[in-house]
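Undergrad:
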Amino acid sequence: MKKGRPLPDTSRAPQIFARFSGSRGKTLVIDALKEQKPVLGNVKAAEELWSHGRLEFFQEGELLAREDDWANEIVFILAGSAHVSIAGFKVAERKAGQHVGEMALIDPSQPRSASVTAAEPTVGLVVSEEHFTATASQFPDMWRQIAKEIGERLRQRNKFIRPSNPVPFMFVACASESLPIAKALQSYFVEKEVVVEVWTDNVFKPSQGTMESLEGKLETADFAVAVFSADDRIESRGVEKVAPRDNTVFELGLFAGAIGRERSFFAVQKGADIKVPSDLAGISSLHYDLPKEKGGEPDIAEACSEIFERVSALGPR
467 MKKGRPLPDT
477 SRAPQIFARF
487 SGSRGKTLVI
497 DALKEQKPVL
507 GNVKAAEELW
517 SHGRLEFFQE
527 GELLAREDDW
537 ANEIVFILAG
547 SAHVSIAGFK
557 VAERKAGQHV
567 GEMALIDPSQ
577 PRSASVTAAE
587 PTVGLVVSEE
597 HFTATASQFP
607 DMWRQIAKEI
617 GERLRQRNKF
627 IRPSNPVPFM
637 FVACASESLP
647 IAKALQSYFV
657 EKEVVVEVWT
667 DNVFKPSQGT
677 MESLEGKLET
687 ADFAVAVFSA
697 DDRIESRGVE
707 KVAPRDNTVF
717 ELGLFAGAIG
727 RERSFFAVQK
737 GADIKVPSDL
747 AGISSLHYDL
757 PKEKGGEPDI
767 AEACSEIFER
777 VSALGPR
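Just so it is clear: in the sequence shown, position 83 is 549 by my numbering, and no numbers are missing.
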């Protein structure tokens, strides 16, 4: 491994860091490198990368690569995982056995196209363009594997990049009582490459600062979902009915006006007699079921399927 720079102090770091810097660190790094697609199990190639690389430890939230930076190093993720984001929007995840920063090896005339942030304690081997090129010249198949990997990633990225948001951005509004439903929606779309932000009534208050934040979401959101639950009771024509919180209805109305009703949804519990304001007519309704037992998961499959079908058809604005 490259000399001249001491390894970070791992005395207070997670055990995963100590594992790669201990007495068997070299062996474990080389074993992990052999799992990388460009290396394809080639021990000599892995040893060459190790000899010229720089072992780095990233705490959760630290950057492996920064968008618009001109660094041209490739980072092989040996352990842990990271989020890839463009203009603040998460577009992909990378985990152990994968690499980031490969575009800088191919096109040195352009800055980095994305930021990569550690999602958990992560170990990476950082290799400069110069040393990677020298290694790949000895093992030409490494370039072919890099090219295949880049092609696959570009095809994935092109499905989502638009003139506006690189991937669809969805705003979900709910009362705190409905947070499990909103969080379930958010979890579903993680693997669909749809960015979901959840706001509850604990966050939204009619203050200037929050209204400014909400206006920012109106400008960037591509889709909006309001989760309605039996939060309040109202009297309508002499009959008491349950109704969603006013601020949740208000938020949905704002988004429907800003992004269009075809991009807006409200979700209600199946079988629940909830009074939905008449001025929300034309906004698609969705249905969910509460968990059948304590600690269970809500049934949101039907709602998610309908949302994803619309997201796939319309894409970002």
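No residue lacks a Cβ here, since even glycine has one placed at the ideal position from N, Cα and C. Treat the numbers as computed from the prediction; the structure is a model and nothing was measured.
(1) Give the DSSP-derived three-state secondary structure of R485 in the structure shown.
(2) Whose CA, out of A558, A511, E586, A648, lies closest to the CA of D597?
(3) Which residues bound the beta strand (DSSP E) around L521?
(4) Is it buried or exposed for L546, if we count other Cβ within 10 angstroms and need 16 for buried?
(5) Is it buried or exposed, E657, if we count other Cβ atoms within 10 angstroms and call 16 or more buried?
(6) What does DSSP give as the partner residue(s) for M608 in the beta ladder?
(7) In its own chain, which residues sit with a C-beta less than 6 Å from the C-beta of E528, not counting the 5 before and 5 after it?
(8) Less than 7 Å between the C-beta atoms of Q766 and A650, yes or no?
(9) Do you know how far the Cα of N508 is from the Cα of D688?
(10) Going by DSSP, name the residue or residues bridged to S575.
(11) Tell me the DSSP secondary structure of T689 in three-state form.
(12) Extract the residue ranges of the beta strand (DSSP E) inside the stretch 486-556, only unbroken runs of 3 or more that lie entirely within it.
(13) Apply the 10 Å Cβ neighbour rule to G762 and answer buried if 16 or more other Cβ atoms are within range, or exposed otherwise.
(14) In this structure, what does DSSP give as the bridge partners for I740?
(15) According to DSSP, is F655 helix, strand or coil?
(16) Is the separation between the beta-carbon of P632 and that of V777 shorter than 7 Å?
(17) Decide if A558 is buried, meaning its Cβ has at least 16 other Cβ atoms within 10 Å, or exposed.
(18) Could you tell me which residues DSSP puts in a beta bridge with R560?
(19) Locate the alpha helix (DSSP H) running through E663, then write down its first and last residues.
(20) By the 10 Å Cβ neighbour count, where 16 or more other Cβ atoms means buried, how is S730 classified, buried or exposed?
(21) For F483 and V505, what's the separation of their Cα atoms in angstroms?
(22) Hey, how far is the Cα of H753 from the Cα of F523?
(23) Can you grab the Cα-Cα spacing for the pair R727 / L645, in whole Å?
(24) According to the Cβ coordinates, are L521 and I540 closer than 7 Å?
(25) For A696, name the three-state secondary structure that DSSP assigns.
(26) Give the single residue among S579, T588, Q481, K760 whose Cα lies nearest to the Cα of Q788.
(27) In whole angstroms, give me the CA-to-CA distance for V693 and S744.
(28) Can you grab the Cα-Cα spacing for the pair S673 / A696, in whole Å?
(29) I need the DSSP call for V715, collapsed to helix, strand or coil.
(30) Rounding to the nearest angstrom, what Cα-Cα distance links V660 and Q652 in this structure?
(31) To the nearest angstrom, report how far apart A562 and D534 are at their CA atoms.
TA: With the structure as the only source:
(1) As a working mapping, residue 485 is identified with position 19 in the sequence shown. Note: R485 maps to helix in three-state DSSP.
(2) Here residue 597 refers to the residue found at position 131 of the sequence shown. Note that residue 597 is His in the sequence shown, not Asp. For H597, the nearest C-alpha among the options comes from A511.
(3) Residue 521 sits at position 55 when you count from the first residue of the sequence shown. Where L521 is concerned, the enclosing beta strand (DSSP E) stretches over 520-524.
(4) Translated into positions along the sequence shown, residue 546 becomes position 80. At residue 546 the sequence reads Gly, which differs from the Leu that was named. Label assigned to G546: buried.
(5) Here residue 657 corresponds to residue number 191 of the sequence shown, with the count starting at 1. Exposed, by the Cβ-count rule.
(6) On the sequence shown, residue 608 is found 142 positions in, with the first residue counted as 1. M608 is not bridged to any residue.
(7) Counted from its first residue, the sequence shown places residue 528 at position 62. Same-chain partners within the cutoff: A584.
(8) On the sequence shown, residue 766 is found 300 positions in, with the first residue counted as 1. On the sequence shown, residue 650 is found 184 positions in, with the first residue counted as 1. Position check: residue 766 holds Ile in this sequence, whereas Gln was assumed. Taking 7 Å as the Cβ cut-off, I766 and A650 qualify as a contacting pair.
(9) Reading the sequence shown from its first residue, position 222 is the one you call residue 688. Reading the sequence shown from its first residue, position 42 is the one you call residue 508. The alpha-carbon atoms of D688 and N508 are separated by roughly 45 Å.
(10) For the purposes of this step, residue 575 is identified with residue 109 of the sequence shown, where counting begins at 1. None, per the DSSP bridge assignment.
(11) Mapped onto the sequence shown, residue 689 falls at position 223. Reading off the sequence, residue 689 comes out as Phe, not Thr. Looking at F689 - three-state DSSP - the assignment turns out to be strand.
(12) 520-524, 529-531, 540-545, 547-552
(13) Walking along the sequence shown from the start, residue 762 turns up at place 296. So G762 counts as exposed.
(14) Residue numbering aside, residue 740 sits at position 274 when the sequence shown is read from its first letter. According to DSSP, which records beta bridges pairwise, I740 is partnered with V708.
(15) Numbered from its first residue, the sequence shown carries residue 655 at position 189. F655 falls in the helix class under three-state DSSP.
(16) Walking along the sequence shown from the start, residue 632 turns up at place 166. Walking along the sequence shown from the start, residue 777 turns up at place 311. Going by C-beta atoms, P632 is not nearer than 7 Å to V777.
(17) Sequence index remark: in the sequence shown, residue 558 carries index 92 (1-based). So A558 ends up on the buried side.
(18) Within the sequence shown, the letter at position 94 stands for residue 560. Looking at the DSSP assignment, R560 forms a beta bridge with A548.
(19) Position 197 of the sequence shown holds residue 663. No alpha helix (DSSP H) contains E663, which is instead part of the beta strand (DSSP E) from 661-666.
(20) Translated into positions along the sequence shown, residue 730 becomes position 264. With 16 or more Cβ atoms within 10 Å of its Cβ, S730 is classed as buried.
(21) In the sequence shown, residue 483 corresponds to position 17, counting from 1. In the sequence shown, residue 505 corresponds to position 39, counting from 1. Rounded to whole angstroms, F483 to V505 spans 23 Å at the Cα level.
(22) In the sequence shown, residue 753 corresponds to position 287, counting from 1. In the sequence shown, residue 523 corresponds to position 57, counting from 1. In a straight line, the C-alpha of H753 is about 45 Å away from that of F523.
(23) On the sequence shown, position 261 is the one that residue 727 refers to. On the sequence shown, position 179 is the one that residue 645 refers to. If I take the Cα positions, the gap works out to 23 Å.
(24) Counting from 1 along the sequence shown, the entry for residue 521 is found at position 55. Counting from 1 along the sequence shown, the entry for residue 540 is found at position 74. Their beta carbons are not under 7 Å apart, which means L521 does not touch I540 by this criterion.
(25) Here residue 696 refers to the residue found at position 230 of the sequence shown. In the structure shown, A696 sits in coil (DSSP, three-state: anything other than H, G, I, E or B).
(26) Because residue 788 is not part of the residues shown, which for the chain are 467 to 783, the question remains open.
(27) Position 227 of the sequence shown, counting from 1, holds the residue named residue 693. Position 278 of the sequence shown, counting from 1, holds the residue named residue 744. Those two C-alpha atoms are separated by around 16 Å.
(28) Numbered from 1 along the sequence shown, position 207 holds the residue referred to as residue 673. Numbered from 1 along the sequence shown, position 230 holds the residue referred to as residue 696. Low confidence applies to S673: its pLDDT is 43, below 50, so where it sits in the model is not reliable, and the reading given next is rough at best. Cα-Cα distance, rounded: 25 Å.
(29) Position 249 of the sequence shown, counting from 1, holds the residue named residue 715. It is helical.
(30) For this step, residue 660 is matched to residue 194 along the sequence shown. For this step, residue 652 is matched to residue 186 along the sequence shown. Whole-angstrom Cα-Cα distance: 9 Å.
(31) Numbered from its first residue, the sequence shown carries residue 562 at position 96. Numbered from its first residue, the sequence shown carries residue 534 at position 68. Distance between the alpha carbons of A562 and D534 is about 24 Å.
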